[in-house]
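To start, the structure under review is shown below, and the notes come after it.
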Amino acid sequence: MFSRVSGVVGLAVDWIHQVLYWISNETGSVQAAALSGTEHTAVLSGLSSPTAIAVQPEDGFLFWSDAGISPRIERSGLNGQNRRTLITSVIQNPVSIALDVPRGLLYWADAGLNAVSRVTYDGLHRKTVVESNGYLNQPFGLAVFEVSVSSKHPPPPSTPPPPLPVTSHNNFSF
Numbered sequence: 002m003f004s005r006v007s008g009v010v011g012l013a014v015d016w017i018h019q020v021l022y023w024i025s026n027e028t029g030s031v032q033a034a035a036l037s038g039t040e041h042t043a044v045l046s047g048l049s050s051p052t053a054i055a056v057q058p059e060d061g062f063l064f065w066s067d068a069g070i071s072p073r074i075e076r077s078g079l080n081g082q083n084r085r086t087l088i089t090s091v092i093q094n095p096v097s098i099a100l101d102v103p104r105g106l107l108y109w110a111d112a113g114l115n116a117v118s119r120v121t122y123d124g125l126h127r128k129t130v131v132e133s134n135g136y137l138n139q140p141f142g143l144a145v146f147e148v149s150v151s152s153k154h155p156p157p158p159s160t161p162p163p164p165l166p167v168t169s170h171n172n173f174s175f
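2 is the number of the first residue of the sequence shown in the numbering used here; add one for each residue after it.
Set out below in structure tokens:
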């Protein structure tokens with residue numbers, strides 16, 4: 002597809018416009034290309050340490066997390082315009098983001114706080130939905146399906162490497 006793409010740490014597909022978005026921690030940017038492999042373009046640049054990306058093409062939003070010196074979660078239009086910071090406080094190491102499209106919610110896993118939190122697409126009504134009580138240690142993956150949120154996290158270092166555990170949390174009251 003592309004010969005000079007490196008440092009990719011996250012992918013997202015716009016299924017409506019047939020566009021692949023990715024973030025690169027090597028270039029500190031959000032890139033996009035048609036799924037056919039043409040029209041490669043830089044959408045955003047100047048990111049410190051991007052970690053995750055999600056797209057909501059029905060509403061025209063692109064979301065990403067940055068775990069650099071000033072950790073944050075941001076949003077823009079699909080073309081990178083109208084950039085808006087959603088989260089800058091009580092955030093340490095956002096490693097994964099996921100969208101609950103029917104409810105208009107953005108979830109993120111924070112490996113520094115050992116927590117999963119959520120806000121609306123506008124960054125409002127923040128709520129921590131899962132905090133570490135010994136079972137959520139350094140999450141690095143996150144998925145949302147209907148009213149279920151699942152996070153992946155590594156096993157304790159003293160155990161042999163089994164398949165990564167998945168913690169599922171159902172029926173949150175929001």
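Glycine included, C-beta positions come from ideal geometry on N, C-alpha and C.
Exercise. From the DSSP output, which residues share a beta bridge with residue 69?
Worked result: Taking the first residue of the sequence shown as 1, we reach residue 69 at position 68. None, per the DSSP bridge assignment.
Problem set entry | Endpoints, beta strand (DSSP E) assigned at residue 92 | Position 91 of the sequence shown, counting from 1, holds the residue named residue 92. DSSP places residue 92 outside any beta strand (DSSP E), giving it a letter other than H or E.
Exercise. Rounded to a whole number of angstroms, what is the C-alpha to C-alpha distance between residue 50 and residue 143?
Worked result: Taking the sequence shown and counting its residues from 1, one reaches residue 50 at position 49. Taking the sequence shown and counting its residues from 1, one reaches residue 143 at position 142. Each residue's Cα considered, the two are about 19 Å apart.
Exercise. Looking at residue 120 and residue 110, is the spacing between their C-beta atoms short of 9 Å?
Worked result: Position 109 of the sequence shown, counted from the start, is the residue given in the question as residue 110. Position 119 of the sequence shown, counted from the start, is the residue given in the question as residue 120. Taking the C-beta atoms as reference points, residue 120 is found no nearer than 9 Å to residue 110.
Exercise. Whose C-beta lies closer than 8 Å to the C-beta of residue 27 among residues of the same chain, with five residues either side of it excluded?
Worked result: Numbered from its first residue, the sequence shown carries residue 27 at position 26. Same-chain partners within the cutoff: 7, 8.
Exercise. Given residue 124, which residues of its chain have a CB within under 7 Å of its CB, disregarding the five upstream and five downstream residues?
Worked result: Taking the sequence shown and counting its residues from 1, the one referred to as residue 124 is at position 123. Excluding positions up to five away in sequence, the list reads 87, 88.
Exercise. For the beta strand (DSSP E) that contains residue 106, what are its first and last residues?
Worked result: If you number the sequence shown from 1, residue 106 lands on position 105. In the DSSP assignment, residue 106 falls within the beta strand (DSSP E) that extends over 106 to 111.
For this session: Check whether the Cβ atoms of residue 24 and residue 48 sit closer than 9 Å, and answer yes or no.
Result: Counting from one through the sequence shown, the residue named residue 24 turns up at place 23. Counting from one through the sequence shown, the residue named residue 48 turns up at place 47. Contact flag set, yes.
Exercise. Which residues does DSSP pair with residue 77 in a beta bridge?
Worked result: Here residue 77 refers to the residue found at position 76 of the sequence shown. Residue pairing by DSSP places residue 77 opposite 63 in a beta bridge.
Exercise. Residue 74 to residue 67, Cα distance in whole Å?
Worked result: Counting from one through the sequence shown, the residue named residue 74 turns up at place 73. Counting from one through the sequence shown, the residue named residue 67 turns up at place 66. Each residue's alpha carbon lies about 6 Å from the other.
Exercise. How long is the line joining the alpha carbons of residue 29 and residue 22, rounded to whole angstroms?
Worked result: By one-based count along the sequence shown, residue 29 stands at place 28. By one-based count along the sequence shown, residue 22 stands at place 21. One C-alpha to the other measures close to 13 Å.
For this session: From the DSSP output, read off the bridge partner residues of residue 17.
Result: Residue mapping note: residue 17 aligns to position 16 of the sequence shown, counting from 1. Under DSSP, residue 17 forms no beta bridge with any residue.
Exercise. What is the C-beta distance between residue 13 and residue 56, in whole angstroms, given that I count them as a contact (C-beta under 8 Å)?
Worked result: The sequence position of residue 13 within the sequence shown is 12, counting from 1. The sequence position of residue 56 within the sequence shown is 55, counting from 1. Their Cβ separation, rounded to whole angstroms, is 4 Å, which keeps residue 13 and residue 56 in contact under 8 Å.
Exercise. For residue 84, which residues from the same chain have a beta carbon less than 8 Å from its beta carbon, with the 5 sequence-adjacent residues on both sides left out?
Worked result: Residue 84 sits at position 83 when you count from the first residue of the sequence shown. Correct list, in chain order: 45, 75, 76, 77.
Exercise. Can you tell me whether DSSP reads residue 132 as helix, strand or coil?
Worked result: Here the question's residue 132 lines up with position 131 in the sequence shown. Here residue 132 sits in strand by DSSP.
For this session: Please report the residue range of the beta strand (DSSP E) in which residue 31 lies.
Result: Counting from 1 along the sequence shown, the entry for residue 31 is found at position 30. Where residue 31 is concerned, the enclosing beta strand (DSSP E) stretches over 30 to 35.
Exercise. Smallest Cα separation from residue 102: which of 60, 42, 115, 35?
Worked result: Mapped onto the sequence shown, residue 102 falls at position 101. When each option's Cα is compared against that of residue 102, the closest is 60.
For this session: Run the CB neighbour count on residue 52, radius 10 Å, all protein chains shown included, and call it buried at 16 or more, exposed below.
Result: One-based indexing of the sequence shown puts residue 52 at position 51. Looking at its Cβ environment, which holds 16 or more other Cβ atoms inside 10 Å, residue 52 is buried.
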